[in-house]
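Number of protein chains: 4
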Amino acid sequence: MLGQGKVADYIPALSGISPKKFGMSIHLISGERFSVGDFKENFSIQSISKIFTLSMAMALDDDSIWKRVGREPSGSKFNSLIQLEYEHGIPRNPFINAGAHVITDIVFSGYSETKLAILELVQRLSANKSIDYNEEVAQSERETGNRNLAMGYFMKSYGNIHNKVREVLDVYFHQCSLSMSCQDLSRAFLYLANDGVMPSTGEQIISKKDSDRINALMLTCGMYDSVGDFAYRVGLPSKSGVGGGIVAIVPGQMSIAVWSPGLSESGNSLAGTFALEQFVNYTGKSIF
Amino acid sequence: MLGQGKVADYIPALSGISPKKFGMSIHLISGERFSVGDFKENFSIQSISKIFTLSMAMALDDDSIWKRVGREPSGSKFNSLIQLEYEHGIPRNPFINAGAHVITDIVFSGYSETKLAILELVQRLSANKSIDYNEEVAQSERETGNRNLAMGYFMKSYGNIHNKVREVLDVYFHQCSLSMSCQDLSRAFLYLANDGVMPSTGEQIISKKDSDRINALMLTCGMYDSVGDFAYRVGLPSKSGVGGGIVAIVPGQMSIAVWSPGLSESGNSLAGTFALEQFVNYTGKSIF
Amino acid sequence: MLGQGKVADYIPALSGISPKKFGMSIHLISGERFSVGDFKENFSIQSISKIFTLSMAMALDDDSIWKRVGREPSGSKFNSLIQLEYEHGIPRNPFINAGAHVITDIVFSGYSETKLAILELVQRLSANKSIDYNEEVAQSERETGNRNLAMGYFMKSYGNIHNKVREVLDVYFHQCSLSMSCQDLSRAFLYLANDGVMPSTGEQIISKKDSDRINALMLTCGMYDSVGDFAYRVGLPSKSGVGGGIVAIVPGQMSIAVWSPGLSESGNSLAGTFALEQFVNYTGKSIF
Amino acid sequence: MLGQGKVADYIPALSGISPKKFGMSIHLISGERFSVGDFKENFSIQSISKIFTLSMAMALDDDSIWKRVGREPSGSKFNSLIQLEYEHGIPRNPFINAGAHVITDIVFSGYSETKLAILELVQRLSANKSIDYNEEVAQSERETGNRNLAMGYFMKSYGNIHNKVREVLDVYFHQCSLSMSCQDLSRAFLYLANDGVMPSTGEQIISKKDSDRINALMLTCGMYDSVGDFAYRVGLPSKSGVGGGIVAIVPGQMSIAVWSPGLSESGNSLAGTFALEQFVNYTGKSIF
Numbered sequence: 004m005l006g007q008g009k010v011a012d013y014i015p016a017l018s019g020i021s022p023k024k025f026g027m028s029i030h031l032i033s034g035e036r037f038s039v040g041d042f043k044e045n046f047s048i049q050s051i052s053k054i055f056t057l058s059m060a061m062a063l064d065d066d067s068i069w070k071r072v073g074r075e076p077s078g079s080k081f082n083s084l085i086q087l088e089y090e091h092g093i094p095r096n097p098f099i100n101a102g103a104h105v106i107t108d109i110v111f112s113g114y115s116e117t118k119l120a121i122l123e124l125v126q127r128l129s130a131n132k133s134i135d136y137n138e139e140v141a142q143s144e145r146e147t148g149n150r151n152l153a154m155g156y157f158m159k160s161y162g163n164i165h166n167k168v169r170e171v172l173d174v175y176f177h178q179c180s181l182s183m184s185c186q187d188l189s190r191a192f193l194y195l196a197n198d199g200v201m202p203s204t205g206e207q208i209i210s211k212k213d214s215d216r217i218n219a220l221m222l223t224c225g226m227y228d229s230v231g232d233f234a235y236r237v238g239l240p241s242k243s244g245v246g247g248g249i250v251a252i253v254p255g256q257m258s259i260a261v262w263s264p265g266l267s268e269s270g271n272s273l274a275g276t277f278a279l280e281q282f283v284n285y286t287g288k289s290i291f
Numbered sequence: 004m005l006g007q008g009k010v011a012d013y014i015p016a017l018s019g020i021s022p023k024k025f026g027m028s029i030h031l032i033s034g035e036r037f038s039v040g041d042f043k044e045n046f047s048i049q050s051i052s053k054i055f056t057l058s059m060a061m062a063l064d065d066d067s068i069w070k071r072v073g074r075e076p077s078g079s080k081f082n083s084l085i086q087l088e089y090e091h092g093i094p095r096n097p098f099i100n101a102g103a104h105v106i107t108d109i110v111f112s113g114y115s116e117t118k119l120a121i122l123e124l125v126q127r128l129s130a131n132k133s134i135d136y137n138e139e140v141a142q143s144e145r146e147t148g149n150r151n152l153a154m155g156y157f158m159k160s161y162g163n164i165h166n167k168v169r170e171v172l173d174v175y176f177h178q179c180s181l182s183m184s185c186q187d188l189s190r191a192f193l194y195l196a197n198d199g200v201m202p203s204t205g206e207q208i209i210s211k212k213d214s215d216r217i218n219a220l221m222l223t224c225g226m227y228d229s230v231g232d233f234a235y236r237v238g239l240p241s242k243s244g245v246g247g248g249i250v251a252i253v254p255g256q257m258s259i260a261v262w263s264p265g266l267s268e269s270g271n272s273l274a275g276t277f278a279l280e281q282f283v284n285y286t287g288k289s290i291f
Numbered sequence: 004m005l006g007q008g009k010v011a012d013y014i015p016a017l018s019g020i021s022p023k024k025f026g027m028s029i030h031l032i033s034g035e036r037f038s039v040g041d042f043k044e045n046f047s048i049q050s051i052s053k054i055f056t057l058s059m060a061m062a063l064d065d066d067s068i069w070k071r072v073g074r075e076p077s078g079s080k081f082n083s084l085i086q087l088e089y090e091h092g093i094p095r096n097p098f099i100n101a102g103a104h105v106i107t108d109i110v111f112s113g114y115s116e117t118k119l120a121i122l123e124l125v126q127r128l129s130a131n132k133s134i135d136y137n138e139e140v141a142q143s144e145r146e147t148g149n150r151n152l153a154m155g156y157f158m159k160s161y162g163n164i165h166n167k168v169r170e171v172l173d174v175y176f177h178q179c180s181l182s183m184s185c186q187d188l189s190r191a192f193l194y195l196a197n198d199g200v201m202p203s204t205g206e207q208i209i210s211k212k213d214s215d216r217i218n219a220l221m222l223t224c225g226m227y228d229s230v231g232d233f234a235y236r237v238g239l240p241s242k243s244g245v246g247g248g249i250v251a252i253v254p255g256q257m258s259i260a261v262w263s264p265g266l267s268e269s270g271n272s273l274a275g276t277f278a279l280e281q282f283v284n285y286t287g288k289s290i291f
Numbered sequence: 004m005l006g007q008g009k010v011a012d013y014i015p016a017l018s019g020i021s022p023k024k025f026g027m028s029i030h031l032i033s034g035e036r037f038s039v040g041d042f043k044e045n046f047s048i049q050s051i052s053k054i055f056t057l058s059m060a061m062a063l064d065d066d067s068i069w070k071r072v073g074r075e076p077s078g079s080k081f082n083s084l085i086q087l088e089y090e091h092g093i094p095r096n097p098f099i100n101a102g103a104h105v106i107t108d109i110v111f112s113g114y115s116e117t118k119l120a121i122l123e124l125v126q127r128l129s130a131n132k133s134i135d136y137n138e139e140v141a142q143s144e145r146e147t148g149n150r151n152l153a154m155g156y157f158m159k160s161y162g163n164i165h166n167k168v169r170e171v172l173d174v175y176f177h178q179c180s181l182s183m184s185c186q187d188l189s190r191a192f193l194y195l196a197n198d199g200v201m202p203s204t205g206e207q208i209i210s211k212k213d214s215d216r217i218n219a220l221m222l223t224c225g226m227y228d229s230v231g232d233f234a235y236r237v238g239l240p241s242k243s244g245v246g247g248g249i250v251a252i253v254p255g256q257m258s259i260a261v262w263s264p265g266l267s268e269s270g271n272s273l274a275g276t277f278a279l280e281q282f283v284n285y286t287g288k289s290i291f
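Residue numbers (the numbering used here), protein chains in the order written: chain A, 4 to 291; chain B, 4 to 291; chain C, 4 to 291; chain D, 4 to 291.
Here it is in structure tokens:
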């Protein structure tokens, strides 16, 4: 697996990374952690950032979200405009790009200085003040982001983007550009393994119910067009990004982050998926 | 919830049943069981039967199945021909009708006297020799089954049905017509809560790995076009039928069957879904 | 062009024919005729037969047809089930396969001994008593016709096939198997160039209005997924068949039949299209 | 018919017009003209402007256009993004909105001071120097044009818009805002009835071949999602606009413009279509 797959190359900043990189970090609720390989190396978290913004949106007001975004698997490629047209501008779930735009639009309306608010949350969850946006990546995304603009204006034509499309996308491109390590990510998502509470600080990030719900959304919608295959092979709530990262949750026990840039056709890390599959085979930690 | 929703009426044998019926049975691995309401009353299990045939097909040969059926959520109505055309006759998963036809075709090839083989398995799992096909329901399905015929011939045009379409559908209509109670069903599916082994007899129905996988498929594909919503609200691997039944698994602990004939727009029992949601809220038994 | 393209090979009876065959016949309303090449050789007229059955259906009752079939170009492959599903079993036009099934179903209801009635009309229009069905072709179509069966049962599920699917398709497969020459075909369709009247006999086959309408339908829907390109290049109401035949009408003047078995990707005769394009370039007989 | 239908109301400037307005003008090649009703009143020509820009693009270079735009009927709603996605950013024809954007992009690249160039051509063809853009309409279109922006950026993501999306759309919104009367329009399009030559001046606007081709495109793609129905009922190459105008060509004879703001569901003028149908019934001037 390692060294195979295709490294995302739609922006220069992503394409230069070796597909042989591999890192993995596990954080237990107890505070213990286990790491291996390039677990300290920063990479572009891309779509994994959608969990942060979804958590922020659900903390604002859970119920109104679901009038603007569905929570069903998409059944087609993650950036498709087709389903959006059939369903009148309502994206199928918060993890496809269109759905993530709506969530960022909600966060944009609810938090002033949105980019700063996101960054502060991520730094606090990771206990790492050095985490930052990668302006070069954000800039590249903006320059090649015609399809995201198309989706944004398309949803705006249905009234489902409330702020200016370019301003919402500026936040979106920044959140995707967040540069973090496996160690940062596995720590940051411990609250999803612990009923919404960060175990180290006791801070309630989201309610227990919402924590369960985000895990459910990750399992049914978190792995692009391979959610069924991933659930079949791994069986853990997970979210991937085209930077090669995957975050997986073992409810009640631990949070796992794995990174390797070579991607499958679906856009998920090949070696990362394989590592999680082996982990579950050895430990029996599938939720099923 | 009770008494609301629409009772399935596409065949006379289903339409006559009161939407106020409600039954629920829970079987623990330990042998204990808890039941309430109309739990002894037989109803038409319909699509719930797809788990029996999938288990039989996986017991034959796990790997070859997935060349003929996908394992991704469908993202559209459960009997749609559209996705089938885009994906050249390969149904998205074994629980949409087209996928269930392929599974029944595999079972038809692998077990002589197929209808008898299915019935014997179901009777053994339920420890109830009186379970039988409802010939009136099977006959009605056949008479109104033009859409199922269309799907069958369509897949045959792609070479994905190996036996005669009418013979495969005869088995399919019979398996859907199986008449069982909540008590029967919750007992029958205990092997999915116990790593593939029937706890009472020790019989290994399927491997532990396949048991995990069927649970994963149920969670991502088992509730028609509401899998995401159901995972969000209930969070248990489940399979529903238009007769109003739902089976849910708490891995490692128990199997639950609930029945109430009033259906949501997606075709899932309204009161049944509500009962499972309450059960999870009170017990915290979600897998997330 | 000649000798290029792909000869239809989905049934053995069509695949054996040399792509170098080429014939063309022109019949003027005045009675004059001009022919070249293999114009006396019989070939399988296939979809061209849909004009005969449409004329028969319109002669029965013009208005009720259009509640069961649309008259818009399909915008997608000629045998697609997708549009049929979006439009609830109403095919887009009478020349896609599904639409032709409905037309044959109407003819089946309206003419007893349907196969004989079609054959007699075709013989009379062509003034050729030797024209007959090719039973070998009809039999082959039936054996490979799973997709047509799928469409038939699918429309029956919407109530848009009134007779038995297999009986309607038997007539359909026979009409497609009609074995005729360019000379036969160009004579047979002279009524469409002459306001519905056969010039030699004065027989009114269909009304003037219906003759105009069939020409309009041929121009907008007659050439599979290349109607726009064909109108752009040739500019004559035309209907093609996968046997390599094309019939074209110059309203008020003449009927043209051309045949060459090598097909374009869209399923239209390559050399036949080229011959018609050259004919229009030299004579200026485009309707535009 | 008159006074029925729905007046376009997506921008204020269009919604205020009485559905009882009706005008019609016929220009013969000979120079004679016949007019009735509100034929001198200016209205927003909207999509009819797509013929002007298509003529300008074909005058630049005929062949390269058809690598960027198809010439097949769309088979679905005129502003659909779906077909665009299936066909990788290549619009089906130059008369759906996305296709018109590409044509305007070509004109934008080929003519400096594009808006002025379009206006001068239209004034010259109409022999009316007072014709102008309606800035209020153009401004309204821009403000409500999120769907057009979505299409523009979507095609740009496929590389099929070469200039800046907002600049191309600025031209597009202006061409749609052109304010003209039936008298202006029927005069302006006489070149399409006369092999590309303006009869009054002898100016060759486009080649004879291109004139035939534009007529063919109008017949197969000019009436939104009703081309088949319109060809069936009227049988003339025509182009409609949501302002209620329709232009129709009788090749070799005359150009017709009709206007009435009440629209059918497809977006074509109800009374205008009816008037053209009656005209053809009385005169027999269908091309079929």
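Where a beta carbon is used, it is the ideal one built from N, C-alpha and C, also for glycine.
The stretch 273-290 of chain A and the stretch 223-233 of chain B do not touch, with fewer than three beta-carbon pairs separated by less than 8 angstroms. In the three-state scheme derived from DSSP, where H, G and I count as helix and E and B as strand, Ala260 of chain D is classed as strand. Along the stretch 150-174 of chain C, going in chain order, the ones with a CB nearer than 9 angstroms to a CB of chain B are Arg150, Asn151, Leu152, Ala153, Met154, Gly155, Tyr156, Phe157, Met158, Lys159, Ser160, Tyr161, Ile164, Val168. Contact check for Phe176 of chain C against Ile54 of chain C fails: the beta carbons are separated by 8 angstroms or more. With a cutoff of 8 angstroms on beta-carbon distance, Ser52 of chain A and Gln178 of chain A are scored as near each other. DSSP places Gly102 of chain C inside the alpha helix (DSSP H), whose first and last residues are 100-113.
Check the Cα spacing between Arg190 of chain C and each of C:Ile32, C:Val168, C:Gly148: the tightest is with C:Ile32. The stretch 138-145 of chain D makes contact with the stretch 9-24 of chain D, as at least three CB pairs between them are under 8 angstroms. Within the stretch 218-246 of chain D, the residues whose Cβ lies closer than 8 angstroms to some Cβ of chain C are Asn218, Ala219, Leu220, Leu222, Thr223, Cys224, Asp228, Ser229, Val230, Gly231, Asp232, Ala234, Tyr235, Gly238, Pro240, listed in chain order. Annotation for Arg36 of chain D: Ser28, Ile29, His30, Gln186, Ser189, Arg190 place their beta carbon closer than 8 angstroms to its own, counting only its chain and skipping 5 residues before and after. Counting along the chain, Val283 of chain A sits inside no beta strand (DSSP E); it lies in the alpha helix (DSSP H) bounded by residues 273-286. Per DSSP, reduced to three states, the secondary structure at Ile121 of chain C is helical. Rounded to the nearest angstrom, the gap between the Cα atoms of Met201 of chain A and Ile109 of chain A is 24 angstroms. Annotation: Ile209 of chain C has no Cβ neighbours in chain D at a cutoff of 7 angstroms; minimum Cβ distance is about 13 angstroms. Per the DSSP secondary-structure output, Ser214 of chain C pairs with nothing in a beta bridge. Counting along the chain, His177 of chain D sits inside the alpha helix (DSSP H) bounded by residues 168-179.
In the structure shown, Arg36 of chain A falls within a strand segment according to DSSP collapsed to helix, strand and coil. Gly270 of chain A and Val245 of chain A do touch by the CB rule: their CB atoms are close to 5 angstroms apart, below 8 angstroms. Look at Asp215 of chain A: its C-beta is under 8 angstroms from a C-beta on chain B. Met154 of chain D places its beta carbon less than 8 angstroms from that of Leu87 of chain D. For Ala234 of chain D, the enclosing alpha helix (DSSP H) begins and ends at 230-236.
Only those residues of the stretch 59-86 of chain A whose C-beta falls short of 8 angstroms from the nearest C-beta of chain D are listed: Ser83, Leu84, Ile85. By the neighbour-count criterion, in which a residue is buried when 16 or more other Cβ atoms sit within 10 angstroms of its Cβ, Gln281 of chain A is exposed. DSSP, reduced to helix, strand and coil, places Ser182 of chain A within a strand of the structure shown. For Gly248 of chain B, the enclosing beta strand (DSSP E) stretches over residues 248-253.
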